Amino acid sequence: MSKVLPFTEANSKRVTGLFRQALRTAFDHSIKWELYRAETIKIRKQFDANKSVSDPQLLEELIKKTEDKLQEWKHPDPYITPQRPGGTKYQRNLPKPDEPIIPGDW
Amino acid sequence: MFNYLYFMYEEATLINLGTWLTMGNLDMKYGLLLDSLSLSVMVPVGMVTLCVLFYAMEYMAHDPNRNRFYMMLSVFAMFMTMLVVSENYLMMFMGWEFVGVVSYLLMSFWNTRVTAMKSALSAMLLNRMGDTFFVMCLGTLMMNFNALDFETMELMAPHMNTNLLNFMAVMLLVAATAKSAQLGLHAWLLSAMEGPTPVSSLLHAATMVCSGVFVLVRSWYMLEYTPSMLMVMLWLGGLTTMVSGLMAVVTNDMKRVMALSTMSQLSMMMLAMGVSSYELAMYHLYCHAFFKALLFMSAGSMMHSVMSETQDMRKYGGLMDYLPYSYTTMLMASLSLMAMPGLTGYYSKDMMMESLYGSYTMTGYMMYYMATTSATLTAMYSLRVMYLTFYNNPNNNKYTYGLVHENVNMAMPMFMLTMYSMFMGYARDNVTFHMAMGMPYTNSLMETEYTLTSLYKLLPLMLGLSLSMLLVYMYEYTYKMMKSPMYNYLNQRMYFDQLLNNLVMRPTLVLGGYLNHYVDNGLLKVLGSTGMYKLLNYMPVLLMFNLMMMFM
């Protein structure tokens, strides 16, 4: 895979993805709102500390480190919004398709 | 009038509705046996079904397929009644099978959901495995007893060969293990939570899952002559109750915690049966049905009132001020489950644990400590659920909390069950002593009453209260984020599903494939259809050759 250069749109998408994943992982582990809030601030600080990294190699290392940390903290039973895939209301009472379910004139 | 509201003793009645089939000595009847055992189970079956139907009218009001739901729930009530009041094993088995089928249909009620269909199928298949053993037991009974009705069995069992009784008891135990979700065949109960909450409340907490225990209690005359099976039952119950308690303490899905709790209580009943205290097992079944149904209904009421209807407790918190009624009902059900003195659960559960110690056997002592640990864990996870949903700081957004409200129509059936969960324990002796009239009575109740020191009687309560309070203290003041392999292991239910799939299911499928290839389509064909066909095909040719040789 070609390297993603710093300060490009591709990189910000990648970093944003990791940030959101970090927030979700923090929520999965914390049952108290204050704890989650404190953790989000810490996560933001860690991301902010490296926001001006311009060396592509260092950037790759940091991304790898973040991914490893997220993998390490990955919750075995993450919170899934009920309507999302894997959630408790996903695919519940789907509307019937307009077209005939079995095509053809039987 | 109160006869319908709680069990009051009446003479046992046998109603003969006609003959089903007569084959040699075997005379099978359509019969209803209304004795203390069946009538005391009919009370929770009837009352909880009634309450759940009322509840479901509101809970499922917005579902497009609600008519199908109500119909299936009513059909379930019919077959459950058949299971309970039948006077022979065959009718009981019909009820047993049909409640399994209805359970499948209700679990897959939201049949557009792939997960729901998979769960229902898994439950169906695991239960079928147990049913296979039940059928084998029925066959053995027919062959050796020439009868399937309970009265004949009861009279003949003492005169039968112990090995035969052991064999039948093992098969019934496997059947009950599948139906009552004991360790090894328990995975389906957790995925059964895919069904709507009223289904979980009626089938997977109060009535259907208890039918395994009920069948074993019905077969007490067999079990009493197979002490080794009773010990197996003790160990099965002890391990199940411990394991389910450990798993429940770290589970975040509210309904799954309750399913694990059901599993734990069912194994408590197994424990009571293991020390021959059948009446206590039945009494716990009788009481447990009410408070567990209420627990599910309270959880359902809470989920229904929150916009996203999530089951994950991490999204709740602080609902005490928003849902005071659901809070009260859930608190009563939880305290009853935790065996708090004065509430229903105390009178059934505490007595069972004492009886384990009061059996004065080595296994009994070990099981007492296992049951005490399980009761402590029960107190911990019950209070954990309460803490995370009602006491904790709100974990959801403000808009969601703005829309939270109680539902009056769901409150009424919950009120009825709350009354049962609080006050029904006072009528214990009326129920247990009359049940004991038809079953062996071990005196363990009185034995423990007068010989056991207070320490052993109060140990479960003291441990449960102190450790659950400690848990709440830790959550409130010292909780911090951490990860541990043990948490992952228990949270993933000990990787039991994976182990079962990889060690049992897949090798069995592979073996099935080989059997199909080499036996069904191999040996049996060569010796059977194909071989016969070829023989008959070539026989005339051989004859013709012979004739030709003769004339040449």
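One line per chain: the protein sequences are A and B, in this order.
For the first sequence, the working numbering assigns the number 15 to the initial residue and increments by one for each residue that follows.
For the second sequence, the working numbering assigns the number 1491 to the initial residue and increments by one for each residue that follows.
Built from N, CA and C at the ideal position, the CB exists for glycine as well.
As the structure is a prediction and not an experimental result, all values here were calculated from the model.
CB contact check: residue i to chain B, cutoff 8 Å
i         : result
A:Glu-48  : yes
A:Ile-45  : yes
A:Leu-108 : yes
A:Trp-87  : yes
A:Lys-103 : yes
A:Glu-113 : no
A:Pro-70  : no
A:Glu-81  : no
A:Thr-95  : yes
A:Pro-90  : yes
A:Glu-75  : no
A:Glu-53  : yes
Length of the line joining the Cα atoms of residue i and residue j
i          : j          : result
B:Tyr-2028 : B:Leu-2017 : 15 Å
B:Ala-1789 : A:Asn-64   : 45 Å
B:Gly-1727 : B:Arg-1618 : 21 Å
B:Val-1575 : B:Ser-1864 : 32 Å
B:Val-1592 : B:Phe-1566 : 6 Å
B:Arg-1603 : A:Gln-105  : 5 Å
A:Asp-119  : A:Glu-113  : 13 Å
B:Thr-1998 : B:Ala-1677 : 18 Å
B:Met-2040 : B:Leu-2032 : 12 Å
B:Asn-1991 : B:Leu-1680 : 16 Å
B:Leu-2037 : B:Gly-2021 : 24 Å
B:Trp-1586 : B:Thr-1571 : 10 Å
B:Tyr-1496 : B:Val-1538 : 12 Å
A:Glu-86   : B:Met-1972 : 11 Å
A:Lys-17   : A:Leu-32   : 17 Å
A:Pro-99   : B:Met-1843 : 43 Å
A:Asp-82   : A:Tyr-93   : 20 Å
B:Ser-1849 : A:Lys-79   : 59 Å
B:Tyr-1520 : B:Leu-1563 : 24 Å
B:Tyr-1859 : B:Tyr-1985 : 26 Å
Short Cβ contact (8 Å threshold) for residue i with residue j
i          : j          : result
B:Thr-1868 : B:Met-1793 : no
B:Thr-1819 : B:Met-1914 : no
B:Val-1703 : B:Ser-1795 : no
B:Met-1518 : B:Asn-1578 : yes
B:Pro-1580 : B:Leu-1507 : Checking the sequence, you will find Leu at residue 1580 of chain B rather than Pro. No.
A:Pro-111  : A:Lys-103  : no
B:Thr-1834 : B:Tyr-1931 : no
B:Thr-1716 : B:Leu-1761 : no
B:Phe-1741 : B:Asn-1981 : One point to set straight first is that residue 1741 of chain B is Thr, not Phe, in the sequence displayed. Against a cut-off of 8 Å, the Cβ pair of B:Asn-1981 and B:Thr-1741 comes out as a contact.
B:Ala-1695 : B:Met-1633 : no
B:Tyr-1847 : B:Tyr-1855 : yes
B:Ala-1665 : B:Asp-1621 : yes
B:Gly-1764 : B:Leu-1720 : yes
B:Asn-1899 : B:Glu-1641 : no
B:Ala-1738 : B:Tyr-1871 : yes
B:Val-1589 : B:Met-1698 : yes
A:Thr-22   : A:Leu-37   : no
B:Val-1542 : B:Ser-1691 : yes
Three-way DSSP call (helix, strand, coil) for residue i in this model
i          : result
A:Ile-77   : helix
B:Asn-1506 : strand
A:Asp-62   : helix
B:Asp-1621 : helix
A:Asp-69   : coil
B:Asp-1919 : helix
A:Asp-139  : Outside the shown range of chain A, which is 15 to 120, sits residue 139 of chain A, and nothing can be said about it.
A:Asp-91   : coil
B:Asp-1743 : strand
B:Asp-1639 : strand
B:Asp-1802 : strand
B:Asn-1897 : coil
Test: residue i CB closer than 8 Å to a CB of chain D
i          : result
B:Pro-1930 : As a matter of chain content, chain D is missing from the structure shown, whose protein chains are A and B.
C-beta neighbour in chain A for residue i, strict 8 Å
i          : result
B:Met-1758 : no
B:Val-1604 : yes
B:Met-1971 : yes
B:Glu-1799 : yes
B:Trp-1600 : yes
Residue i Cβ short of 7 Å to the ligand HEM heavy atom set
i        : result
A:Ala-24 : Although the ligand HEM was asked about, the structure shown includes no ligands whatsoever.
Complete beta strand (DSSP E) runs within the segment 1509–1538 of chain B (minimum length 3 residues, chain order): 1516–1524
Which parts of the segment 1566–1615 of chain B are runs of the alpha helix (DSSP H), unbroken and 4 residues or longer, counting only runs that do not cross its ends? 1579–1597
Runs of 4 residues minimum, wholly inside the segment 1814–1893 of chain B: which ones carry the alpha helix (DSSP H) assignment? 1814–1827, 1841–1848, 1852–1876, 1888–1893
Going along the chain, which unbroken runs of the alpha helix (DSSP H) with 4 or more residues stay wholly within the segment 1947–2015 of chain B? 1975–1981, 1986–1989, 1996–2005
What are the start and end residues of each continuous alpha helix (DSSP H) run of 4 or more residues lying completely inside the segment 1656–1686 of chain B, in chain order? 1677–1681
May I have a chain-ordered list of the alpha helix (DSSP H) segments no shorter than 4 residues that lie completely inside the segment 1751–1795 of chain B? 1768–1795
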